[in-house]
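First comes the structure, then the notes that go with it.
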Amino acid sequence: MAVRTKWTVEHSCSHQVVHDLSDRPADRRAGFARWLAGRDCTDCWKAARDADTESKEEWLAAKRTAEQEAAAAWATQFEMPQLEGPEKALDWGARSRHTLMVSAHTALVVEGSWNEADWAELEDKARSITRAGWWIDQRDAAGADLLELLDAAGEDDRGTENPFR
Numbered sequence: 001m002a003v004r005t006k007w008t009v010e011h012s013c014s015h016q017v018v019h020d021l022s023d024r025p026a027d028r029r030a031g032f033a034r035w036l037a038g039r040d041c042t043d044c045w046k047a048a049r050d051a052d053t054e055s056k057e058e059w060l061a062a063k064r065t066a067e068q069e070a071a072a073a074w075a076t077q078f079e080m081p082q083l084e085g086p087e088k089a090l091d092w093g094a095r096s097r098h099t100l101m102v103s104a105h106t107a108l109v110v111e112g113s114w115n116e117a118d119w120a121e122l123e124d125k126a127r128s129i130t131r132a133g134w135w136i137d138q139r140d141a142a143g144a145d146l147l148e149l150l151d152a153a154g155e156d157d158r159g160t161e162n163p164f165r
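Per the working numbering, the very first residue in the sequence shown carries number 1; after that it's consecutive.
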């Protein structure tokens, strides 16, 4: 007698579904059917996933908005220049600059041995970097490395008043 291939499974969402388990080895079908019973059916799982995706997207949009507002307020407060680059990179660059500068301040001044004069010098160097892409490229850098990164920045990363550059 052959082991059955069609299994009626009552899922944890209380839906009954007939599953074709012929693609599984005969000795593993019962165990897989038991495993399926402990999960929602495909339709319920997809509905939960879609709802979860929508809430994640809403959460991410709200988080990005809050980060952008904080970055803009910080840039105004510390007289940081407007960044340059493609339109879609400007907000990301501003958020990256804000995050890296806050991380650097924490590492160098709050937890480190820098005084406010040292920090003011670093801020001046940071103001000279106006290319949004540079800040995006450095987004994963450690705050303690910011001074070295600023010194290594190229001329293309620095702003200029020359319109013919």
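The C-beta atom is built at its ideal place from N, Cα and C for all residues, glycine as well.
Kindly indicate the opening and closing residues of the alpha helix (DSSP H) around Q77.
42-77
Name the DSSP bridge partner or partners of Q16?
E10
Give a yes or no on contact between the stretch 52-70 and the stretch 31-44, applying the rule of three or more CB pairs nearer than 8 Å.
no
By the three-class DSSP mapping on this structure, what secondary structure does E123 have?
helix
Between the alpha carbons of Q16 and K6, how many angstroms are there, rounded?
13 Å
Report the option in I129, A142, D52, T130 whose CA atom is closest to the CA atom of S103.
A142
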